[in-house]
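Letter by letter, the sequence shown follows residues 564 to 970 of this note's numbering.
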Amino acid sequence: MTISELNSALNYYEATLTVIEQAGESPSSAVILCVLMARDAVQEALTTVEISHRQEEELMLLLQLDSRLKQQAGTITGVVSLADWRASFYPPPNAWWWFLEAPTHRLDNLDWLWNGCTVASLTGSLSLVVDISSRFISGGLNIFGSFAVISQSVLMLLTTGGVLTETGRRGIEEMLSKFGIKKYLWQEVKLGLSVLLLLSLMGFRAFLPQISACFNHWGLNNYLSGKWSTAQSDYKLALALDPDNAEAHYNLGRLYEDLDQLNQAKTQYQLAAQGDLDAGYNALARLSIKNKKYSEAVSLLYRGLELVSEEDKETKYALQKNLGWAHLEQKRYDDAKNRLEEAISLDNTESPQASAHCLLAQVLEEKDSPKSALTAWENCLRYASQLYPEEYDWIEQARQRVDKQKP
């Protein structure tokens with residue numbers, strides 16, 4: 564090969580290199596390939612020209628062009644993967660231009676920190692996935708729970724795989740390259756993805772009490788519709804998602820009481836009371852009265868009255884009624900009368916409850932007021948609904964008293 568051919572190769576090499584420089588930070592893959600092949604041609608020409616025929620000018624030009632090519636290393640490696648190209652073209656080891664490496668960016672010096680933070684974020688995400696999934700599973704999976712478990716597990720696998728596995732890293736890096744993100748920012752982007760996953764899971768975890776409230780609401784609807792088995796599943800899932808859901812504890816306790824599982828009912832009522840739910844104290848007190856623990860019941864009812872709001876007349880009625888019941892059993896008839904009359908005054912609905920009237924009739928009998936007692940017995944029968952088992956006996960007693968007064 565002659566000196567003129569070497570000059571032609573150098574000129575073509577310079578021309579292609581100029582095109583890359585003018586393209587800025589996004590030259591095409593074809594242009595980059597042309598530069599590398601032009602450098603191959605220069606090397607081939609250089610090795611075939613005798614040393615004695617090599618001119619100082621050509622050699623100095625080559626040094627200048629190679630210097631310019633090395634300056635483009637960051638741009639070239641940011642656009643193409645030279646490792647993949649080497650696997651296809653098998654350049655000789657001394658063809659250094661096929662082994663260009665991007666200069667270390669100052670941000671790359673912190674990659675160890677970003678990688679550590681990424682691993683920490685993924686570890687936190689994994690613990691959240693385990694926590695959330697275990698709650699749904701322990702509460703009994705349904706369609707919503709299955710979707711929640713599967714979706715967050717898939718997100719976790721995709722993010723972890725994309726950051727920690729070789730195949731996943733390549734996929735993520737190819738995607739980042741397509742979006743034009745510089746290589747020195749890749750670790751920061753991976754950290755951002757892991758932090759985004761962590762924040763998403765933290766947000767979902769913080770939203771669990773709201774989801775729990777929904778399942779408690781659905782459970783109550785199923786309970787009122789007579790679907791007790793479904794209601795029980797809903798309540799248990801609500802409590803698995805939020806063990807501090809006092810209303811769900813109370814509703815599950817009421818369901819257990821209806822099923823005559825009084826020990827489980829008492830446990831749920833106690834948990835509801837621990838959450839400062841006034842209805843929980845009322846339910847516990849009613850069980851205490853039935854177990855003849857009247858002083859304990861009075862204490863619970865007073866605590867419930869401290870918690871109940873003025874607007875919640877239904878619960879306030881129940882607390883006053885049960886307090887009157889407890890005083891009746893304690894033979895504190897004046898206190899019982901006052902509490903029961905207060906309860907009746909609170910029950911100004913279209914369908915008044917019978918319990919307070921039935922209990923007031925018993926109190927008036929003990930106070931030797933038969934005429935007033937008969938009126939109360941008549942109201943007991945008028946409003947009878949037999950909502951609670953104890954009302955069966957009171958209503959039967961009322962029927963006997965009223966029938967006795969008939970001519």
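Positions of the beta carbon are idealized from the N, C-alpha and C atoms, including for glycine.
Reference residue i; option with closest CA among the options
i	options	result
Q795	S763, A828 and P772	A828
M765	E751, L685 and G679	L685
E954	Q968, K930, D966 and A924	A924
K884	N570, C921 and K856	C921
K741	D931, A917 and V643	V643
K876	N911, V598 and N854	N911
L834	L822, L847 and Q634	L847
F662	W675, V682 and T640	T640
C680	L759, Q960 and A658	L759
K790	L882, T579 and L822	L822
A936	P666, V926 and L689	V926
L748	Q963, G637, N574 and L944	G637
Y857	A889, L868 and A836	A889
S775	A939, D647, A803 and L756	A803
N826	A658, G838 and N854	N854
A939	L870, M623 and E904	E904
V682	G755, N672 and A650	G755
L944	A961, K934 and P933	A961
W675	L891, G838, K753 and S872	K753
L581	A593, A572, V598 and S592	The sequence shown places Thr at residue 581, rather than the Leu named in the question. When each option's Cα is compared against that of T581, the closest is V598.
A665	Q773, Q968 and Q634	Q634
Y786	P933, V594, E820 and P772	E820
W648	V693, A593 and K934	A593
S697	E873, L868, Q824 and L800	L800
S757	A646, S630, L689 and I700	L689
K934	K967, E913 and Q824	K967
Cβ separation of residue i and residue j, assumed to be a contact under 8 angstroms, to the nearest whole Å
i	j	result
Q831	L850	11 angstroms between Cβ atoms; not a contact.
V605	L632	Rounded, the Cβ-Cβ distance is 10 angstroms, inconsistent with contact.
N779	N808	6 angstroms
T878	A919	Their Cβ separation, rounded to whole angstroms, is 14 angstroms, which puts T878 and A919 out of contact at 8 angstroms.
W677	E751	6 angstroms
L840	E810	7 angstroms
E577	L628	6 angstroms
E941	V965	6 angstroms
F770	I695	Contact flag wrong, Cβ pair sits at about 10 angstroms.
N570	E619	Wrong, their Cβ atoms sit about 13 angstroms apart, outside the cutoff.
Nonlocal neighbours in the same chain, by C-beta distance under 6 angstroms from residue i, ignoring five residues either side
i	result
Y653	none
I958	A947
A601	Y575, Y576 and T579
K930	Y896
S589	none
T793	N785
P772	D805
For residue i, the first and last residue of its enclosing alpha helix (DSSP H)
i	result
W660	Counting along the chain, W660 falls outside any alpha helix (DSSP H), and DSSP gives it neither H nor E.
R895	Neither: R895 is in no alpha helix (DSSP H) and is coded neither H nor E.
S592	S592 to T611
Q627	E619 to Q634
D647	L645 to F652
F778	L771 to L787
N845	D841 to K853
E953	E953 to Q968
P806	Neither: P806 is in no alpha helix (DSSP H) and is coded neither H nor E.
T830	L825 to Q837
G587	Unbroken run through G587: none, as it is neither H nor E.
L822	Per DSSP, L822 belongs to no alpha helix (DSSP H) and is neither H nor E.
L748	Element bounds for L748: n/a, residue is neither H nor E.
S862	Y857 to L870
A939	P933 to R945
Q925	S918 to E929
Own chain residues within Cβ distance below 7 angstroms of residue i, not counting five before or after
i	result
L886	V861, L864 and R902
R866	Y844
E859	S851
L891	A899, L922, Q925 and V926
L691	L764, M765 and R768
W660	L599, R602 and L632
L596	none
Neighbourhood of residue i by C-beta distance below 8 angstroms, restricted to the same chain and skipping five residues each side
i	result
Y798	F778, N779, G782, A811, N814, L815 and L818
Y880	A906, L909, D910, Q916 and A919
L645	I639, W661, F662 and L663
Cβ of residue i within 9 angstroms of any chain B Cβ
i	result
S757	Judged by its chain identifiers, the structure shown contains no chain B, having just a single protein chain.
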